[in-house]
Structure formats: C-alpha cells, structure tokens
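> Numbering (the working numbering), first residue to last: 86 to 170.
(1) Give me, in chain order, the residues of the same chain whose beta-carbon lies closer than 7 Å to that of residue 133; leave out the 5 immediate sequence neighbours on both sides.
(2) Measure the alpha-carbon distance for residue 117 versus residue 166 and round it to whole angstroms.
(3) Could you please give the first and the last residue of the uninterrupted alpha helix (DSSP H) stretch that includes residue 130?
(4) Just curious, the alpha helix (DSSP H) that residue 167 is in, first and last residue?
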C-alpha cells in the first residue's frame, strides 16, 4: 500500500498551513519545484511557467515558448472526451 501512495503525496510549507489552514491548500497557490503557477481556471485549465529561481536551477527545462509559458494543462473531466482522438 505504501509504494502506491508515494506518487500522490505533496510537500507543503508548514508556515503556509499554519497561516492559512489546511482547507486553503485546495484554493491557494503553494508549493515547490521547477514551475510556478501562473493561472488556474477551476475545472478548465492550469497554466504554469518555468521558475528560474528553482533551487539547484532548472537547466533541463527549456525556456518558455513565445507566449512566455512552459506548461499548460487542460482539464477534461469526462472519460469519453479524454479518450477521443
């Protein structure tokens, strides 16, 4: 059971949780990594960009594209729509 849980574990700031409470984790930006949140459209999309000040650098991540964004994620809640070609 433990190995299956590892990919869904999140690292969060203790200071952040103490400041805003655990319920805010679902609605406020907080995290760590080579990308930072640019925009979140609930139920629609998430737009992230390269975080140049990421600890240790992020040399393997290519610079942002012409729109200045590195990663866009489209949320498709229906299984049939996600599987459609």
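We treat Cβ as the ideally placed atom computed from N, Cα and C, and that holds for glycine.
Checking against the coordinates, here is how it stands:
(1) Contacts found: 120, 121, 122, 123, 155 and 156.
(2) If you draw a straight line from the Cα of residue 117 to the Cα of residue 166, it comes to about 31 Å.
(3) Per DSSP, residue 130 belongs to no alpha helix (DSSP H); it is in the beta strand (DSSP E), 130-135.
(4) It spans 164-168 - the alpha helix (DSSP H) in which residue 167 sits, taken as one unbroken run.
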